[in-house]
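Report on the following structure.
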Amino acid sequence: METFDIAKLASYRENNRIEAKAAKGGLPRSMWETYSAFANTYGGVILLGVKEREDGTFETVGLTSAEVEHLRQDFWNTVSNRSKVSAVLPIESEVEVLEADDGMVVAIHVPRAPRDERPVHINDNLFEGTYRRRGEGDYRCTRQEISAMLRDQGTETMDSKVLDDLTVADFNADTVRAYRTRFRAARQGSSWTDLDDERFLRAVGAAMVSREDGKLHPTFGGLLMFGNDYDIVRECPHYFLDYQETLDPAIRWTDRVHSGDGMWSGNLFDFFFRVNRKLAESLKTPFKLNGIFRVDDTPMHKAVREALANCLFNADYYGVRGVVVRRTPDKLVFENPGDIRTGVEQMRLGGVSDPRNGLIMKMFSLIDVGERAGTGVPDVFATWANAGLPEPRIEEKFGEADRTILTLMLESDAKSAHNEQIIDNNEQLNGPSEQITGNNEQLNGPSEQITERQRTVLRFVERNPSTTYEDMARAAGVSSATVRRDAEILIGRGLLKRVGSRKAGHWEVRGREES
C-alpha cells in the first residue's frame, strides 16, 4: 500500500501517484478515470476532501464525518458494480478515513492491477473507458495500448503460439547449427544431442505439433530464435533489433547492428551473440587468473549478459519501436517494447519470474544464458554495487509505445557528468518519460557552467513560456527525466523560475548564462 501521511498533507503535490478531489458534492465522476489510470500504470492514492491551491499545494475542504462515511460507502458500492468498474482492487484497509486539523479526508489506495486484470476499464466500455496516468493527468488509452495489455493477460506466453503457415525448414540452418553446438557444450550427455533437427527443435520448444493439421510447425518463439528477419516481420511487422554504438560525438554511430540490414539472419540468437561480444568490450574490468589461465567471464560480464538476455526475454515483439541497445562511453542502455509484467519493485527484489516470452527464456537457458529463477536483475544491481558504480536505473514509459529501459552506468558520477552532453545529444526520444515519484533519484547540484543543452532549454522556454517538460525534452532531444534535472539546475542558479501553479502557471527566464 502507498505510504501517505496526513500530517504532511501540505507538502504533497499532484503527480503520477497522487490525485486530489474536493468531493464536496459526493464522489466526482472523474475519480473513476483516475482509478482506471492508477490501476493501469503505477498505482496511486486518490484523496477525497482535498483541493489543490494555486501554488500546487494541498488543503482540506472541511468534510464532516457524515460526508466522509457517505463517500466511503458510495465508493464501495460503485467499485463493486462490474458495469461501472471492471476490477475491485483495493482491500478494506486501503480505503482510509483520516483526520486533519480542519477537516476529514478519505484516502483510497489504488494498487497497480495484476496483468491478468489489465486493462482496468470503466462504464463497461473497454475502448472508451480505459485510462492511464501521465504526470498529473489521466488520458484515454489508444487501441494499441489496450491491445498490448490484452496480450499480456494470458497464462501462456505469447511466444508459444504455433505458426501453421511455416515449417521448420523456414528456420535459418546456420543458426540452428550454431545453437546445437552451444547446446552440446552446455548439456554434455543429454540424449537430445542425438536427435535429428526436427525432434530437437520440438524438444527445446522451437516447434510444436499443430492442433489444426497434426503436423510440426514453428512456435512464435522458435521463429524469433531461429528464423530469418523476412519471415519474422510477416508475423510481427514492427519487429526490429537495433544495437547502436556511439563512442565519438562527431559520428552518429561508430558501430551499428540491426535486424533489417539483410547481412545476417536478424533473429534473436544471432543478435544476442553479436551484441554480447561488443558489450563485453565496454567493460573496463581487470582479468582474473584461474591457476595460470586467464578468466575473462567476470561478474561484470555476466551481469551485462543477463541484462541483454532479460531485455530479449521480456520484449513485446508485437509492439512498436523494437529492441534498442545503446553503448556510449559511459553507459549501456537496454530498451524493449512492453512494460514490466511484475512491476519495477518486484523486478528489483527478484524471486518472481514472469517472462513475456517463456519459450525464448527456456531456449536460452538451455545454453546457459539467462537466469530463470527471477534473480537476474537483483544480481545486476549487486554486481554494480560491488564495482562501486552508480546504481542501475529501471524506467517504464507508458504511451503509444510502452517501453522498459535499463541503464547501466560504466563510470562514477563525476566522470559521467563530464560526458553527459555527448550522451544526451545522441539520446533518442521515445515519448514522454514517466518515472515513479519517490524513486529516490538524487539531483546533481548546479554546476559552475551550464551546458549547451541547458542553454537550448532556456532559449526554448523564453520563446514558449507556457511549455511543458515534454515539449522541452523534444526541443532538446533528450528524455523528460533529463530535462527535469536540467530545469532544477537552472532554477537553482536563478536562471529559470516557475510562476503560478503547475497547471495554470508559466516559466520565466531570469537571466542568461554567458557562453
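Just so you know, we're using this note's numbering here: the sequence shown kicks off at 78 and counts up by one.
Glycine residues also receive a C-beta, built at the ideal position from the N, C-alpha and C atoms.
None of the values given here were measured: they were computed from a predicted structure.
I'd like to know whether the C-beta atoms of residue i and residue j end up nearer to each other than 8 angstroms.
| i | j | result |
| --- | --- | --- |
| T270 | R261 | yes |
| E383 | E468 | no |
| R536 | V555 | no |
| A190 | A164 | yes |
| I437 | F475 | no |
| D431 | G415 | no |
| L345 | F411 | no |
| D374 | L487 | no |
| G298 | N434 | yes |
| L300 | F348 | no |
| M181 | M302 | no |
| R587 | G571 | yes |
| V187 | G121 | yes |
| V402 | Y320 | yes |
| F152 | L86 | no |
| K355 | R404 | yes |
| T296 | D251 | no |
| T258 | P376 | no |
| L360 | H378 | yes |
| A177 | T137 | yes |
Cutting at 8 angstroms between CB atoms, please list the residues of its own chain near residue i, excluding the five before and the five after it.
| i | result |
| --- | --- |
| L426 | P455 |
| K161 | W109, T155, I199, N200 and D201 |
| G508 | For G508, the predicted model reports a pLDDT of 35, less than 50, meaning its position is unreliable; a value from the coordinates is still stated below. The residues are K474, G476, E477, A478 and R480. |
| T219 | E477 |
| R279 | M285, V286 and L293 |
| R333 | D319, Y320, Q321 and E322 |
Sorted by chain position, which residues of the same chain lie with C-beta nearer than 6 angstroms to residue i's C-beta, five sequence neighbours on each side aside?
| i | result |
| --- | --- |
| I513 | The predicted model places I513 with a pLDDT of 37, which falls under 50 and marks its position as unreliable, so this point remains unresolved. |
| R90 | G133 |
| E96 | T111 and I123 |
| G465 | none |
| E518 | With a pLDDT of 32 at E518, under the threshold of 50, the predicted position of this residue should be treated as unreliable, though the coordinate-derived value follows. None. |
| R230 | Just to set this straight, residue 230 is Gln in the shown sequence, not Arg. The answer, listed in chain order, is D193. |
| D241 | S287, E289 and H294 |
| E173 | A184 |
| Q505 | Its pLDDT being 36, under 50, Q505 is placed unreliably in this model, and the value from its coordinates should be taken loosely. Excluding positions up to five away in sequence, the list is empty. |
| G453 | E383 and N387 |
| T419 | V429 and D431 |
| Y395 | C313 |
Run the CB neighbour count on residue i, radius 10 Å, all protein chains shown included, and call it buried at 16 or more, exposed below.
| i | result |
| --- | --- |
| A386 | buried |
| S113 | buried |
| P167 | buried |
| E222 | buried |
| S342 | buried |
| I500 | With a pLDDT of 39 at I500, under the threshold of 50, the modelled position of this residue cannot be trusted; read the value that follows with caution. With 16 or more Cβ atoms within 10 Å of its Cβ, I500 is classed as buried. |
| D338 | exposed |
| P196 | buried |
| R597 | With the chain running from 78 to 592 in the structure shown, residue 597 is simply not present. |
| T323 | buried |
| E292 | Checking the sequence shown, residue 292 turns out to be Lys, not Glu. Exposed: under 16 other Cβ atoms inside 10 Å. |
| A84 | exposed |
| L227 | exposed |
| A263 | exposed |
| Y307 | exposed |
| A550 | buried |
| R94 | buried |
| A116 | buried |
| A98 | This sequence places Lys at residue 98; Ala is not what is there. Looking at its Cβ environment, which holds 16 or more other Cβ atoms inside 10 Å, K98 is buried. |
| D325 | exposed |
| S304 | In the sequence on display, residue 304 carries Gly and not Ser. Under this definition G304 is a buried residue. |
| G266 | exposed |
| D563 | buried |
Counting only the same chain and skipping the five closest in sequence on each side, list residues whose C-beta sits under 7 angstroms from that of residue i.
| i | result |
| --- | --- |
| A553 | R530, T533, V534 and V560 |
| G582 | R575 and V576 |
| N353 | R382 and L385 |
| Y216 | Y208 and R209 |
Worksheet item: Is it true that the segment 280 to 290 meets the segment 233 to 246, where meeting means three or more beta-carbon pairs spaced less than 8 angstroms apart?
Response: yes
Stretch-stretch touch, CB-based, cutoff 8 angstroms, three pairs: the segment 211 to 222 with the segment 140 to 149:
no
* Where are the alpha helix (DSSP H) runs, 4 residues long or more, that stay fully inside the segment 366 to 440, in chain order? -> 376 to 390 and 421 to 426
Check your understanding: Taking only runs of the alpha helix (DSSP H) that begin and end inside the segment 184 to 234, which ones reach a length of at least 4 residues, in chain order?
Key -> 220 to 228
message: Report the start-end ranges of each alpha helix (DSSP H) in the segment 235 to 270 that is 4 residues or longer and not cut off at the edges.
response: 250 to 263
Curious, which full-length beta strand (DSSP E) runs of at least 3 residues does the segment 297 to 332 contain? 318 to 322
**Prompt:** If you scan the segment 79 to 129 from start to end, which runs of the beta strand (DSSP E) of 3 or more residues do you find wholly inside it?
**Reply:** 95 to 98, 121 to 125 and 127 to 129
query = Whole beta strand (DSSP E) runs in the segment 554 to 583 with 3 or more residues, listed along the chain?
reply = 573 to 576
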